[in-house]
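Q: Quick mapping for you: the protein sequence lines, in order, are chains A and P. Counting in our numbering, the first sequence runs from 1 upward without gaps. Counting in our numbering, the second sequence runs from 1001 upward without gaps. Yeah, the Cβ is synthetic: ideal placement off N, Cα and C, and Gly gets one too. On a predicted model such as this, the values are computed, not experimentally measured, just so you know.
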Amino acid sequence: MKSENYIKLEFPSKSVNEGFARAAAAAFAAQLDPTLEELGDIKTAVSEAVTNCIVHAYPDELGRISMRLRIMSGGRLEIVVKDAGRGIEDVAKAREPLFTTGGEERSGMGFTIMESFMDKLRVRSSPGRGTTVTMLRAIKPRTGAR
Amino acid sequence: MRISTAYDAGKLVIRLAGELDHHGAREAMREIDGLIDEYLPRDTALDMEGLSFMDSSGIAVILKTDRRMREMGGRASVINPARQPLRVIDASGIDRMISVKGARRQ
Ligand SMILES: Nc1ncnc2c1ncn2[C@@H]1O[C@H](COP(=O)(O)OP(=O)(O)O)[C@@H](O)[C@H]1O
Ligand SMILES: [Mg+2]
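1. Which of the three DSSP states is assigned to Arg146(A) in this structure?
2. Determine the chain P residues that contact Val55(A) at a beta-carbon separation under 7 Å, and present them in chain order.
3. List the residues of chain P whose Cβ lies closer than 8 Å to the Cβ of Ile113(A), in chain order.
4. Going by the C-beta, is Arg86(A) closer than 7 Å to any heavy atom of ligand 1?
5. What alpha helix (DSSP H) runs, 4 residues minimum, are completely inside the region 67-107 of chain A?
6. Nearest chain P C-beta to Lys43(A) closer than 8 Å, yes or no?
7. Do Ala25(A) and Ile42(A) have their CB atoms nearer than 8 Å?
8. Just to confirm, does Asn17(A) get its C-beta within under 7 Å of one of the non-hydrogen atoms of ligand 2?
9. Could you give the distance in angstroms between the alpha-carbon of Glu115(A) and the alpha-carbon of Ala1009(P)?
10. Kindly indicate which three-state DSSP category Glu1049(P) falls into: helix, strand or coil?
11. Within the chosen definition, does the region 1011-1019 of chain P reach the region 1029-1044 of chain P through at least 3 CB pairs nearer than 8 Å?
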C-alpha cells in the first residue's frame, strides 16, 4: 500500500504526554478532512494505546513510546503505537472486555474501545520485549469537500 | 479537568469540564470522593455536558463513583454527555449498569 504522508514521534512514558499524543494525531489526520466524530474516534483510540504504554508497559519506570501515523492511498489512516516495555503474556485474553491487570483505576475497556472505533486492530507483543499496536481507519471523503 | 458542583435535596450534581484521561483521572476521583464525603448525597449525577474528551479512564471514574454511592445505599448516574464521551460510554456498555440521560439520550 502506497504511503502518501507520515509522521513519527517519540516521547517518554509520562502521563502528561497522553493529551499531546492525541492532539498531534488529530492535527495530522486533519488533512484527510475527517468529520468531528471521526476525529474524536482517532483521538480516543490513540489515547487508549498510549495510556496502555504508560500504565502497563512501563509501570515502574520511564520508557520510550513511539507513535507513527501514515496516510495511505484512498484516505486510509494507519496508527502504530509501540513500546519496549514488559509485554503481554496472553494477547487474546488482554483484548477481552473488562480484562485488566490495572486494578480499580482501570476499566479493562481500552482494547474494546480501540476495536470498536477503528476498522482494524492488531496487537503484537512479546513478554519482556514490548508491544506494538497497529490500527487502521478509513476516512470517508466527504461529498463536495475537496 | 475542571470540576464544579450543585447540591439540592439529597442530589449532588458534579459537573466535569475539559478532558478526562488517565493523566487527570486520579485527581478527578480524589475530588469526587471528597465531594461525596462532604455532601453525603443520596444520589450523585456526573454531568458531562462540558466534557470535551473522555477515554476509558473516565469509564473507570464513573464505575468507581457508582461503587462508592452503592456502598452508601445510593446510586450514581451520568447526565448530558457530550458527543464524544457518549460514544465511549456506548462502546463500553456501562449504560446497562448505570443510568445515562440527556439531550442525546432518553
Ligand atoms: N502496552 C502494553 N504493555 C503491557 N501490557 C498491556 C499493554 N496494553 C495492554 N496491556 C494489558 O492488557 C490489559 C487490557 O488493556 P485495556 O483493554 O486497555 O484495559 P486497561 O488499560 O483498563 O487495563 C491491561 O490491563 C494490561 O494487562
Ligand atoms: Mg487501557
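A: The structure says:
1. Against the first sequence, residue 146(A) aligns to sequence position 146. The pLDDT assigned to Arg146(A) is 46, lower than 50, so where the model puts this residue is not dependable, and the model offers no usable value.
2. If you number the first sequence from 1, residue 55(A) lands on position 55. Chain P residues near Val55(A): His1022.
3. Position 113 of the first sequence, counting from 1, holds the residue named residue 113(A). Those are Asp1055, Ser1056, Val1088, Ala1091, Ser1092, listed as they occur along chain P.
4. As a position in the first sequence, residue 86(A) is number 86, starting the count at 1. Yes.
5. 91-94
6. As a working note, residue 43(A) is residue 43 in the first sequence. So yes, Lys43(A) belongs to the interface.
7. Position 25 of the first sequence holds residue 25(A). Position 42 of the first sequence holds residue 42(A). Contact: yes.
8. Here residue 17(A) corresponds to residue number 17 of the first sequence, with the count starting at 1. Asn17(A) Cβ: outside cutoff for every heavy atom of ligand 2.
9. If you number the first sequence from 1, residue 115(A) lands on position 115. If you number the second sequence from 1, residue 1009(P) lands on position 9. C-alpha separation (whole angstroms): 42 Å.
10. The count along the second sequence starts at 1 and reaches residue 1049(P) at position 49. In the structure shown, Glu1049(P) sits in coil (DSSP, three-state: anything other than H, G, I, E or B).
11. Cβ pair count under 8 Å is three or more, so yes.
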